[in-house]
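Under numbering that gives the first Met the number 0, the sequence shown has 5 at position 6, and the numbering climbs by one with no breaks. Everything on this sheet refers to the single structure shown next.
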Amino acid sequence: MLLLDAGLILWNQTRQRWVGNKKSENQPQQAREPKLNWNATYESLLGSNKLFPQPIPLSEMIDFLVDVWEQEGLYD
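Put into structure tokens, the structure is as follows:
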């Protein structure tokens, strides 16, 4: 159980860095500039294991991937 607990602790710490502190669900989302360059290709973004220069919001990455997959006929 010690390994499981250590993994859970690490996961929670990592997740906390991703989501930040005390973000209320009731707060309206502020409009923000997209982090991804929409002219980017799948290969240019995900073709290497290099870190992005800044965090990419999950919703933005999902939109990008769905667009690419739809263009390639991989997503219906």
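From the three backbone atoms N, C-alpha and C, an ideal C-beta is built for every residue, glycine too.
- DSSP, reduced to helix, strand and coil, places Asn-48 outside both helices and strands of the structure shown, so it counts as coil.
- When the five nearest sequence neighbours on each side are left out, the beta carbons in the same chain lying within less than 8 Å of the beta carbon of Leu-35 are those of Leu-44, Ile-55, Glu-59, Met-60, Phe-63, in order along the chain.
- Inter-residue distance for Asp-4 and Arg-14 is about 15 Å (C-alpha atoms, whole angstroms).
- Distance between Phe-51 and Gly-72, taken at the CA atoms: about 27 Å.
- Rounded to whole angstroms, Trp-17 and Leu-7 show a C-alpha spacing of 15 Å.
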